[in-house]
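Notes follow once the structure below has been shown.
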Amino acid sequence: MEMTMRWFGSNADKIKLSEIAQVPGVKGVVGMIMDIPAGEIWPKERIKALKEEIEAAGLSLKVIESVNIHDDIKIGLPTRDKYIENYKETIRNLAEFGIEVICYNFMPVFDWLKSDLDYRLADNSQTMAFIARDIPANPQEIIDRVQAADGGFSLPGWEPERLSEVRGLFEAYKNVDEHKLRENFAYFLKAIIPTCEEVGIKMAVHPDDPPYPMFGLPRVVKNREDLDWICNVVDSPSNAITLCTGSIAEDPANNVYEIMAEFVKRDRIPFAHVRNIKFLPSGEKDFYEAPHLSEYGSLDMYKIMKAMYDNGFDGYIRPDHGRMIWGETGRPGYGLYDRALGASYLNGLWEALEKTNQ
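Once you know that position 336 of the sequence shown is 336 in my numbering, the rest is easy, because the numbers rise by one and skip nothing.
Laid out in structure tokens, this is it:
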């Protein structure tokens, strides 16, 4: 297991690589290049510069999150083949610089959805929350709310150029139901996985967030059955999963412990996002993102880490979203302090598992 933290790049992240390097047990960075639009090829010189910058700080770069998928691929338009070829070239370019895992999602329009980006807890820390009654019927209202609370930072999956096209995207997706989205997903996987196999990269899909339909948009990475279908549609270790405990557990019907154990055992989880959530009494699926420590949320983090350890997890892991604590401000979910606490806690659980099994 190698602990990492997400970093958005020196031009897009107020957190310095030197600060991440000071977090005990964090060995690498999960990187991205935010200003390359979906569908365009990632140039080798940009990848090389990112890798050199990260390695100069004493950290590794083995995971990229995300190489966004153009909507024409998800919708199934005739132009998709051009964008798939571009995606394959990006895979080759990333592999040339030692990238092993690409985390991505296949969600229509919104990459993730929360009702609040600055939900205040009893200890006065701020976190993100999903409260169903606070999700407006008009998608534009949630866009306006996110942009008002983004702290001045571009949020992954909510880039301004993408949000400006939302109305047109909803129109484009109007005939895409779950069956059609699955068809288009299978087409994409069958096209790119042979390239991944050639160059040694694992494509690791992130669960839908939230893992159920919103605004009439279909979801196809929402539960154990969907993950099994994905793994079987192209049966290859290169066709993998980023198991995000927070996202998959947002639907109480999903047993995150069993899902983690099964797909680690099947060698399909090269990368994991591990976070805790706390369900609220206001609604069955209402929650806020809690501190990583088990007692603060609804998930048993020891049980999650044990499921990974017992089934031979040997990939990359990162603490997922953190609260804003100790006066820190910045990109919602991605402050330094609470994620550093989360990384240390998860590393401590892993050390305990290793030593009790010697």
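Even glycine gets a Cβ: it sits at the ideal position worked out from N, Cα and C.
Per DSSP, what kind of secondary structure is residue i in: helix, strand or coil?
{"i": "Asn184", "result": "helix"}
{"i": "Ile142", "result": "helix"}
{"i": "Ala240", "result": "strand"}
{"i": "Leu217", "result": "strand"}
{"i": "Thr127", "result": "strand"}
{"i": "Pro194", "result": "helix"}
{"i": "Gly327", "result": "coil"}
{"i": "Met120", "result": "Note that residue 120 is Arg in the sequence shown here, rather than Met. It is a strand residue."}
{"i": "Arg359", "result": "Past the boundaries of the shown model lies residue 359; the chain is included only from 1 to 358, so the question cannot be answered."}
{"i": "His273", "result": "strand"}
{"i": "Phe106", "result": "coil"}
Please decide whether residue i counts as near chain B, where near means a Cβ-Cβ distance under 9 Å.
{"i": "Phe97", "result": "Protein chain content of the structure displayed is limited to a single chain, and chain B is not contained in it."}
What residues in its chain sit with their C-beta under 6 Å from that of residue i, if we drop five residues either side in the sequence?
{"i": "Tyr309", "result": "Leu353"}
{"i": "Ala12", "result": "Met34"}
{"i": "Asp372", "result": "The structure shown does not extend to residue 372, since the chain spans only 1 to 358, so no value can be given for it."}
{"i": "Lys14", "result": "Gly330"}
{"i": "Ser66", "result": "Cys103 and Tyr104"}
{"i": "Pro270", "result": "Val101, Lys202, Ala204, Ala240 and Gly315"}
Quick one: residues in its chain with C-beta nearer than 7 Å to the C-beta of residue i, no 5 flanking neighbours on either side, listed in chain order?
{"i": "Leu217", "result": "Pro108, Val109 and Tyr173"}
{"i": "Pro136", "result": "Ile142"}
{"i": "Ser18", "result": "Ala57"}
{"i": "Asp300", "result": "Ser294"}
{"i": "Ser298", "result": "Ile277, Lys278 and Phe279"}
{"i": "Ala343", "result": "Met3, Met5, Val23, Gly25, Val26 and Pro319"}
{"i": "Phe106", "result": "Ile69, Lys74, Phe185, Val205, Val220 and Val221"}
What is the residue span of the beta strand (DSSP E) that residue i lies within?
{"i": "Thr4", "result": "Glu2 to Arg6"}
{"i": "Leu349", "result": "No beta strand (DSSP E) holds Leu349; the alpha helix (DSSP H) holding it covers Tyr337 to Thr356."}
{"i": "Met260", "result": "Counting along the chain, Met260 falls outside any beta strand (DSSP E), though it belongs to the alpha helix (DSSP H) covering Val256 to Lys265."}
{"i": "Ile64", "result": "Ser60 to Glu65"}
{"i": "Val30", "result": "Val26 to Gly31"}
{"i": "Val205", "result": "Lys202 to Val205"}
Please work out which residues of its chain come closer than 8 Å, Cβ to Cβ, to residue i, disregarding the five sequence neighbours upstream and downstream, and give them in chain order.
{"i": "Ala253", "result": "Asn223"}
{"i": "Ile192", "result": "Ile84, Tyr87, Lys88, Ile91 and Met203"}
Which residues mark the beginning and the end of the alpha helix (DSSP H) in which residue i is found?
{"i": "Arg224", "result": "Arg224 to Val233"}
{"i": "Leu50", "result": "Lys44 to Ala56"}
{"i": "Ser247", "result": "Thr245 to Ala249"}
{"i": "Ile20", "result": "Leu17 to Ile20"}
* Continuous alpha helix (DSSP H) assignments of at least 4 residues falling wholly in the segment 69-100 -> 71-75 and 80-96
* At what residue ranges does the segment 289-315 contain a whole run of the alpha helix (DSSP H), taking only runs of 4 or more? -> 301-310
* Asked: Does the segment 126-145 come close enough to the segment 109-116 to have 3 or more Cβ pairs within less than 8 Å?
  -> yes
* May I ask you to verify whether the segment 296-304 touches the segment 75-91, counting CB pairs closer than 8 Å and requiring at least 3? => no
* Inter-stretch contact at 8 Å, needing at least 3 Cβ pairs: the segment 222-238 / the segment 274-287 -> no
* Asked: Are at least three pairs of beta-carbons, each pair with one atom in the segment 45-52 and one in the segment 70-84, less than 8 Å apart?
  -> no
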